[in-house]
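Only one structure is covered here, and it is reproduced in the block below.
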Amino acid sequence: MKIIAGNWKMHGTRESARALVQGVLPALRPEAEVIFCPPFPLLAEVGTILKGAHLGAQDCHFEREGAHTGDVSPVLLREFGCRYVIVGHSERRAGHSESSELVRQKAEAAVSTGLIPIVCVGESRQQREAGQAEAVVAEQVQESAPKGEFILAYEPIWAIGTGLTPTLADIAAMHRHIKALADVPVLYGGSVKASNAKEILHLPGVDGVLVGGASLNKEEFCKIIESTKG
Ligand code: PGA
């Protein structure tokens, strides 16, 4: 079983969300666990129509409730039907100065609420060129991973939204490296699309994909789900 998670980021409207989910549902297959991660206000809408797929959020706070303007409680996410929550995406690590320590706190809050966190890790272009990719990722895994059930997503920052991907050998090597540190499912993310999903999904150590841009396109996302076929 491969995990296919669509991270919509800050995209979508009620209308487009409904059309996208309804367009993707016929492509669901037993080999794929499909997760839709829409923006917070669309969780309820998507939650009512996603028969056979799962709902995930894109972030959560590390406390269950409190005076945290603009943040969202993992308890509420659970109540709205989420099974998964992405934490530590590089866009949050960079854009909201989130440290690995904070990411771990969020992941632990998610676990204690009954959510499965998808903890993102990944090196920058500069770090890869300096030969530091494995060390950077190892540190992020060690510092961000919660106790309990979780998933890791290896997302090299330079591959996100750029159309660039590491070589298949580099992806396989990094997944092997990560699995030696944490024996959990590891997804690959960064410019996954219909044309490269199959070869990535069939690499050893790749348990699924976290898809950004291509998850907003019905045909692309359906083809990615179909790529889980033998
Ligand atoms: P992308 O984004 O597929 O658009 O590269 C992946 C992600 O950020 O999760």
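Be aware that the sequence shown starts at 58, since it is given in our numbering, and climbs by one per residue. C-beta atoms are modelled at their ideal positions from N, C-alpha and C, and glycine is treated no differently. If you're wondering where the values come from, they're calculated on a predicted model, not measured in any experiment.
task: Pull up the DSSP beta-bridge partners for His111, would you.
output: Residue numbering aside, residue 111 sits at position 54 when the sequence shown is read from its first letter. Its beta-bridge partners are Ile92.
query: Along the chain, where does the beta strand (DSSP E) that runs through Leu209 open and close?
result: The residue given as residue 209 occupies position 152 in the sequence shown. If you look at Leu209, you'll find it in the beta strand (DSSP E) that goes Ile208 to Tyr211.
query: Between the region 192–201 and the region 262–271, do at least 3 Cβ pairs fall closer than 8 Å?
result: Too few Cβ pairs lie closer than 8 Å, so no.
task: Return no unless some Cβ of chain D is closer than 9 Å to the Cβ of Met67.
output: Note that chain D does not occur in the displayed structure, where there is just one protein chain.
- request: From the DSSP output, in three-state form, read off Gly244 for me.
  value: Taking the first residue of the sequence shown as position 1, residue 244 is located at position 187. Residue identity differs from the one stated: residue 244 is Leu in this sequence, not Gly. Leu244 carries a strand assignment under DSSP once its states are collapsed to helix, strand and coil.
task: Flag this pair as touching only if the region 234–242 and the region 272–283 have three or more C-beta atom pairs under 8 Å; answer yes or no.
output: Taking 8 Å as the limit for Cβ pairs, the verdict is that the region 272–283 does not touch the region 234–242.
- prompt: So who's on the other strand from Pro131, going by DSSP bridges?
  reply: In the sequence shown, counting from the first residue as 1, residue 131 sits at position 74. Per DSSP, none; premise fails for Pro131.
task: Taking only the alpha-carbon atoms, compute the straight-line gap between Glu256 and Leu225 and give it to the nearest angstrom.
output: Residue 256 sits at position 199 when you count from the first residue of the sequence shown. Residue 225 sits at position 168 when you count from the first residue of the sequence shown. C-alpha separation (whole angstroms): 8 Å.
- prompt: Shortest alpha-carbon distance to Glu212 belongs to which of His125, Cys94, Leu221 and Pro98?
  reply: Position 155 of the sequence shown, counted from the first residue, corresponds to residue 212. Nearest option by C-alpha distance: Leu221.
task: Output the boundary residues of the alpha helix (DSSP H) element that contains Arg182.
output: As a first step, residue 182 is located in the sequence shown; it is residue number 125 there, counting from the start. Secondary structure note for Arg182: its alpha helix (DSSP H) is the uninterrupted segment Arg182 to Glu186.
message: I'd like the list of long-range same chain contacts for Leu107, defined as Cβ closer than 8 Å, with 5 residues on each side in sequence excluded.
response: Here residue 107 refers to the residue found at position 50 when the sequence shown is read from its first residue. The residues are Val78, Leu82 and Phe93.
query: When the distance is taken between beta carbons, is Ala254 closer than 9 Å to Ile281?
result: Mapped onto the sequence shown, residue 281 falls at position 224. Mapped onto the sequence shown, residue 254 falls at position 197. With contacts defined as CB atoms closer than 9 Å, Ile281 and Ala254 qualify as a contacting pair.
- prompt: Where does Gly252 land, buried or exposed, given buried means 16+ other C-beta within 10 angstroms?
  reply: Along the sequence shown, read from residue 1 onward, the residue named residue 252 stands at position 195. Gly is not the amino acid found at residue 252; the sequence shown has Ser there. With fewer than 16 Cβ atoms within 10 Å of its Cβ, Ser252 is classed as exposed.
query: Regarding Ala237 and ligand 1, is the C-beta to nearest heavy atom distance less than 8 Å?
result: Taking the sequence shown and counting its residues from 1, the one referred to as residue 237 is at position 180. No, ligand 1 has no heavy atom inside 8 Å of this Cβ.
query: What alpha helix (DSSP H) runs, 4 residues minimum, are completely inside the region 240–286?
result: DSSP runs (the alpha helix (DSSP H)) wholly in the region 240–286: 251–258 and 275–283.
query: How far does the beta strand (DSSP E) with Ile143 in it reach, from first residue to last?
result: Numbered from its first residue, the sequence shown carries residue 143 at position 86. It spans Cys139 to Val144 - the beta strand (DSSP E) in which Ile143 sits, taken as one unbroken run.
Beta-carbon proximity of Val129 to His118, cut-off 9 Å: Reading the sequence shown from its first residue, position 72 is the one you call residue 129. Reading the sequence shown from its first residue, position 61 is the one you call residue 118. Result yes, Cβ atoms of Val129 and His118 sit closer than 9 Å.
- request: Go ahead and pull the three-state DSSP assignment for Gly63.
  value: The residue you call residue 63 lines up with position 6 of the sequence shown. Three-state DSSP puts Gly63 in a strand.
N-terminal and C-terminal residue of the beta strand (DSSP E) that Ile175 is part of: The count along the sequence shown starts at 1 and reaches residue 175 at position 118. For Ile175, the enclosing beta strand (DSSP E) begins and ends at Ile173 to Val178.
message: Please classify Glu180 as buried or exposed, where buried requires at least 16 neighbouring CB atoms within 10 angstroms.
response: For this step, residue 180 is matched to residue 123 along the sequence shown. Glu180 sits buried, since 16 or more C-beta atoms from the chains shown fall within 10 Å of its C-beta.
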